[in-house]
Amino acid sequence: MSAYPLLDTIASPYDLRRLDRKQLPQLAQEMREFLIESVSKTGGHLSSNLGTVELTIALHYVFDTPKDRLVWDVGHQTYAHKVLTGRREGMAKLRMLGGVSGFPRRNESPYDTFGTGHSSTSISAALGMAIGARDRGEDKHVVAVIGDGAMTAGMAFEALNNAGVADANLLVILNDNDMSISPPVGALNKYLARLFSGHAFNAARRAGEKVLGVSPSLLEFAKRTEEHLKGMLTPGTLFEEFGFNYIGPIDGHDLDSLVPTLKNISELKGPQFLHVITKKGQGYKLAEADPVLYHGVSKFDSENGIQQGKGGGKLTYTQVFGDWLCDMAGQDARLVAITPAMREGSGMVRFAEEFPQRFHDVGIAEQHALTFAAGLACEGIKPVVAIYSTFLQRAYDQLIHDIALQNLPVMLAIDRGGLVGADGATHNGAFDLSYLTCVPNMLVMAPADENECRQMLTTAYFHDGPSAVRYPRGHGPGVPTRKELNTLPLGKGEIRRSGSRIALLAFGSLLASALDAGDMLNATVANMRFVKPLDHDLVKELAFGHDLLVTLEENAVIGGAGAEVARSLEDHGLGTRLLRLGLPDRFTEHGDSSTLLAQLGLDAASITERVKQAILE
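The opening residue of the sequence shown carries number 324 in the working numbering; numbering runs sequentially from there.
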C-alpha cells in the first residue's frame, strides 16, 4: 500500500479541486510527510516549505490556477506548489543539474507565473499582472504570497503604496511566521476572518457608503468607526492605511479557516490583504525546534535529523570571515558589522553574541544597509557589510552614490562570489567583479585560498576608501589560516609557477585549476589577487615573456578581470595574445558547481584543452 494514497491521486490542481474539503487535512499530512522524506534525500529548503503546506493546498483549491495567478515571494517555500502542479516525480532531482529548480521558474511550468529567488518582488509583479488583466478585460485573480521578513524591504512598501490606490483586484497574503503576534487560536479568530471577508460585512459597508455618501461628515464618521473597531480586534491598521481591506490574522495551518476565507475574498473587488500565521517546520518536531538549522539542508536521515558536531573538515570561506570579524573586532573598537538579514548565512553568529552592541541586522534592506554603513563611516566608525554577491546587486546605486562617490571607508565582505551550485541562476555571483571594478575609488580583491582571504579582509579593513573582498561559497583548497592580521601589498600579485610561452593569470577561486593546468601545459601561473588596482607591472612582465596570456575568473567574461587585463595591455601598447576565460554570456543553471565549471570549460582539463586549441589557431 502506498504511503501517500491521497497524494498519489493528485497530478494537477484540477485533481485537487475535485476532492471533498474534508479530505484536505489528510492531503496536507501526506504532503508534509512526502516533503520531509524527499528533501532528506536531495537537500533543499525544508522549514519554510513545511510551513506553507496548508496555505498552498488552500490556494490551489480555491483559485483556478494557472488562469488565476499565484506569485510567490522569494520562492523557497514552493515545494508543495511544485508537487501539486505535476512535478512530484521531478522532486527526486530537486536543485540538481537537469532537475527541478528550488525556486519558481516561468520556463519550468505555466503554474510558475513569476520567476524569483530574491525577496520582496511579489507584490510589484502581482500588481503588474492584475493591472494587465484589467486592461485586457480578463476576469482573473492575482495573489501575492509574501513573508514577514520580505515585508521589511522597501520594495514591498513601494508596491503596497501603489497597489492601494490602483483599481485592480489583488490579494496580498502575508505569511507571518516570525512576528510577535499572539497565535490565532479559538473560534473568535476564525469568526472575525470570515466576518471581515464575507458578503454581509462588505455588502453592509458598500450600502453604508452609498447611503451616507450624501453626508460626507457622517460617511467619514462611519469609516473611522469601522477602522477603530477593526483596529481594536486586528493588527491591520497599517495595511488599511495603504488602501487595502485587511483580513486576519488567521491560522495558516487550519484548512477549515483558510478555505472559506479565501473563497470569500475571491468574490471581493479591489486590493485585499490576508494575514496568516504559520510556523516554520510545522509538523516536523526537529525543524520546529530549530527552523534555522532546517532552513537550507543537505541530505539527512529523516528519522534522526541532521547530525551536528562532526567537524574536522576544511574551513569554509564564510567561517574564515566570521573568525576574522571577531578577531579584528577584538583589536579595533571602531569595527561595526552589518548584515541585511543574513546573520547565519554570512557567518556572523559568534560576532553577534560576543559584540551585540556592534552588530546590526537591518533586515532585508540591502539599500539601507549600504547607506547606513556610509553614515557610520562619516562618523569615524569602520563598518563591515557582510552581503551575498547577488544581494549586493540590489544596492548598486547606494554603492556608487553614497559610498564610492564620497570615497568612504566602507568594507564589503562579499560571500557567494561565482557559482553557488544548487540555488542556481538567481544566486550565482556572476557579475560582481564586472560591476565593482568599473566604479571609481573601489578596491576589489579575490582570494585564492583561506589564508589569503583572511589577509585580504585585513587589507580591505585598513584601506582608506571603499573596498570589497569577494569570496566563493563553500571551502577552498584547505590552506590553514594564520592567526596574525596581516595585510597584502596593495595591487600586487605573485608568480606561483614558472613556465614558458603561456601564462595563466588566475583571479581568485580558479587558481587551483590554473596550477593543475599549468603543470600540464608547462605554463607560468600568476595569482593576481587584485582585480582593482590591477598589477600592471606583473601584466607587462608576463606579456614580455610569453606568447599567450590566459585570464581565468569565476565571473562573467564580459567586463570582468580579463577585460581589465585587456585594457592594461592596450594602454601599454602591448600586442601579446590574450585568451579570456570566465562565465559565458548566459545565466548558468542550478547543479553541482564542479560539474558546471567543467561544462563551462573552467576546470583544469578544460582549461588545458582550450589553451591548446588557442595555440593552434
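We put the beta carbon where it would ideally sit given N, CA and C, even for glycine.
Since this is a predicted model, take the numbers as computed values, not measurements.
> What are the complete beta strand (DSSP E) segments, minimum 3 residues, inside the stretch 424-490?
Replying inline: 465-470
> Ends of the alpha helix (DSSP H) at Ser891?
Replying inline: Counting from 1 along the sequence shown, the entry for residue 891 is found at position 568. For Ser891, the enclosing alpha helix (DSSP H) begins and ends at Ala884 to Asp894.
>> Counting C-beta neighbours from all protein chains within 10 Å, is the total for Tyr640 16 or more, i.e. buried, or is it exposed?
In response: Working through the sequence shown from its first residue, we reach residue 640 at position 317. Burial call: buried.
> To which residues of the same chain is Ser371 closer than 7 Å at the C-beta, ignoring the five residues directly before and after it?
Replying inline: Translated into positions along the sequence shown, residue 371 becomes position 48. Hits under 7 Å: His399, Gln400, Lys603 and His618.
> Looking only at C-alpha atoms, which of Phe437, Asn500 and Gly816 sits nearest to Leu834?
Replying inline: To locate residue 834, count along the sequence shown from 1; it is residue 511. Closest option to Leu834, Cα to Cα, is Gly816.
>> Can you tell me whether Leu895 is buried or exposed? The criterion is at least 16 other CB atoms within 10 Å of its CB, across all chains shown.
In response: Residue mapping note: residue 895 aligns to position 572 of the sequence shown, counting from 1. The displayed chain sequence assigns His, not Leu, to residue 895. Label assigned to His895: exposed.
> Among the residues of its own chain, which have a CB less than 6 Å from the CB of Thr557, if the five just before and after it don't count?
Replying inline: Working through the sequence shown from its first residue, we reach residue 557 at position 234. Residue confidence is low: Thr557 scores 49 on pLDDT, short of 50, so the model does not pin down where it sits. Its coordinate-derived value is still stated next. Closer than 6 Å at Cβ, skipping near neighbours: no residue.
>> Pro907 and Val880 - do their beta-carbons sit closer together than 8 Å?
In response: One-based indexing of the sequence shown puts residue 880 at position 557. One-based indexing of the sequence shown puts residue 907 at position 584. Between Val880 and Pro907, the gap from beta carbon to beta carbon is short of 8 Å.
>> So, with DSSP's three-state summary, where would you put Phe562?
In response: Against the sequence shown, residue 562 aligns to sequence position 239. Residue state, collapsed to three classes: helix.
>> Can you give me the C-alpha to C-alpha distance between Leu892 and Leu901, rounded to a whole angstrom?
In response: By one-based count along the sequence shown, residue 892 stands at place 569. By one-based count along the sequence shown, residue 901 stands at place 578. Approximately 9 Å between the Cα atoms of the pair.
> Excluding the five sequence neighbours on either side, which residues of its own chain have a C-beta within less than 7 Å of the C-beta of Gly670, listed in chain order?
Replying inline: Indexing the sequence shown from 1 puts residue 670 at position 347. A distance below 7 Å between beta-carbons, with the five flanking residues on each side excluded, links Gly670 to the following residues of its chain, in chain order: Thr641, Gln642, Phe644 and Gly645.
>> Please return the same chain residues whose Cβ sits closer than 8 Å to the Cβ of Asp650, not counting the five positions on each side in sequence.
In response: What you label residue 650 is simply residue 327 of the sequence shown in a count that begins at 1. Lys806 and Leu808, listed in sequence order.
>> Among Asp343, Asn878, His464 and Lys855, whose alpha-carbon lies nearest the alpha-carbon of Pro795?
In response: On the sequence shown, position 472 is the one that residue 795 refers to. For the residues Asp343, Asn878, His464 and Lys855, the minimum Cα distance to Pro795 belongs to Asn878.
>> At 3 residues or longer, what runs of the beta strand (DSSP E) sit wholly inside the stretch 338-395?
In response: 392-395
> Expressed to the nearest angstrom, what Euclidean distance is found between the alpha-carbon atoms of Ile710 and Leu329?
Replying inline: Within the sequence shown, the letter at position 387 stands for residue 710. Within the sequence shown, the letter at position 6 stands for residue 329. Cα-Cα distance, rounded: 43 Å.
> Who are the Cβ neighbours of Arg340 in its own chain at under 7 Å, not counting the five residues just before and after it?
Replying inline: The sequence position of residue 340 within the sequence shown is 17, counting from 1. Same-chain partners within the cutoff: Tyr384.
>> Using a Cβ distance threshold of 8 Å, determine whether the stretch 580-599 contacts the stretch 440-448, with at least three qualifying pairs required.
In response: no
> Does the Cβ of His724 have 16 or more other Cβ atoms within 10 Å, making it buried, or fewer, making it exposed?
Replying inline: Here the question's residue 724 lines up with position 401 in the sequence shown. Exposed.
>> Within 10 Å of its beta-carbon, does Pro336 have 16 or more other beta-carbons around it, so buried, or fewer, so exposed?
In response: Indexing the sequence shown from 1 puts residue 336 at position 13. With 16 or more other Cβ atoms within 10 Å, it is buried.
> With C-beta atoms as the reference, is Leu759 less than 8 Å away from Leu828?
Replying inline: The residue given as residue 759 occupies position 436 in the sequence shown. The residue given as residue 828 occupies position 505 in the sequence shown. Cβ distance not < 8 Å, so Leu759 and Leu828 don't count as in contact.
> Can you tell me the Cα-Cα spacing of Arg428 and Arg411, whole angstroms?
Replying inline: By 1-based counting over the sequence shown, the position of residue 428 is 105. By 1-based counting over the sequence shown, the position of residue 411 is 88. Cα to Cα, the separation comes out at about 16 Å.
> Per DSSP, which one or two residues make a beta bridge with Ser836?
Replying inline: As a position in the sequence shown, residue 836 is number 513, starting the count at 1. For Ser836, DSSP records no beta bridge to any residue.
>> Judging by CA-CA distance, which residue of Ala675, Val934, Ala403 and Val397 is the nearest neighbour of Leu378?
In response: Residue numbering aside, residue 378 sits at position 55 when the sequence shown is read from its first letter. Closest option to Leu378, Cα to Cα, is Ala403.
> Closest to Glu677 by CA distance: which of Leu658, Glu689, Leu939 and Ala664 is it?
Replying inline: As a first step, residue 677 is located in the sequence shown; it is residue number 354 there, counting from the start. Of the listed residues, the one whose Cα sits closest to Glu677 is Leu658.
> Taking C-beta to C-beta, are Pro825 and Leu871 nearer than 8 Å?
Replying inline: On the sequence shown, position 502 is the one that residue 825 refers to. On the sequence shown, position 548 is the one that residue 871 refers to. A small fix is needed here, since residue 825 is Ile in this sequence, not Pro. By the CB criterion at 8 Å, Ile825 and Leu871 fall inside the cutoff.
> Does DSSP put Asp755 in a helix, a strand or coil?
Replying inline: Start at 1 with the first residue of the sequence shown, and residue 755 comes out as number 432. If DSSP states are grouped into helix, strand and coil, Asp755 belongs with the helices.
>> Taking only three categories from DSSP, how would you classify Phe567?
In response: Position 244 of the sequence shown, counting from 1, holds the residue named residue 567. Coil, per DSSP.
> If you run the structure through DSSP and keep just helix, strand and coil, what is Ser325?
Replying inline: As a first step, residue 325 must be located in the sequence shown, where it is residue number 2. Residue state for Ser325 is assigned as coil, using DSSP reduced to three classes.
> Going along the chain, which residues of its own chain have a beta-carbon closer than 8 Å to the beta-carbon of Glu887, five neighbours each way excluded?
Replying inline: For the purposes of this step, residue 887 is taken as the residue at position 564 of the sequence shown. So the qualifying residues of the chain are Thr760, Val854, Lys855 and Leu857.
> Which of the three DSSP states, helix, strand or coil, is assigned to Gly741?
Replying inline: Taking the sequence shown and counting its residues from 1, one reaches residue 741 at position 418. It is a strand residue.
>> According to DSSP, is Asn500 part of a helix, a strand, or is it coil?
In response: Stepping through the sequence shown from its first residue, residue 500 is reached at position 177. In the structure shown, Asn500 sits in coil (DSSP, three-state: anything other than H, G, I, E or B).
>> My output table needs one value for Ile710: the three-state DSSP class, helix, strand or coil.
In response: Here the question's residue 710 lines up with position 387 in the sequence shown. Strand.
> Is the stretch 560-579 touching the stretch 484-497 in the sense that three or more CB pairs, one from each, lie closer than 8 Å?
Replying inline: yes
> Any idea if Lys405 is buried or exposed, counting beta-carbon neighbours within 10 angstroms, 16 or more meaning buried?
Replying inline: By 1-based counting over the sequence shown, the position of residue 405 is 82. With 16 or more Cβ atoms within 10 Å of its Cβ, Lys405 is classed as buried.
> Start and end of the alpha helix (DSSP H) containing Asp646?
Replying inline: Counting from 1 along the sequence shown, the entry for residue 646 is found at position 323. Tyr640 to Gln654 is the extent of the alpha helix (DSSP H) around Asp646.
> Buried or exposed: which applies to Val534, given that a residue is buried once 16 or more other Cβ atoms fall within 10 Å of its Cβ?
Replying inline: Here residue 534 is taken as the residue at index 211 of the sequence shown, counted from 1. Note that Val534 scores a pLDDT of 47, beneath 50, so its modelled location is shaky and nothing firm can be said.
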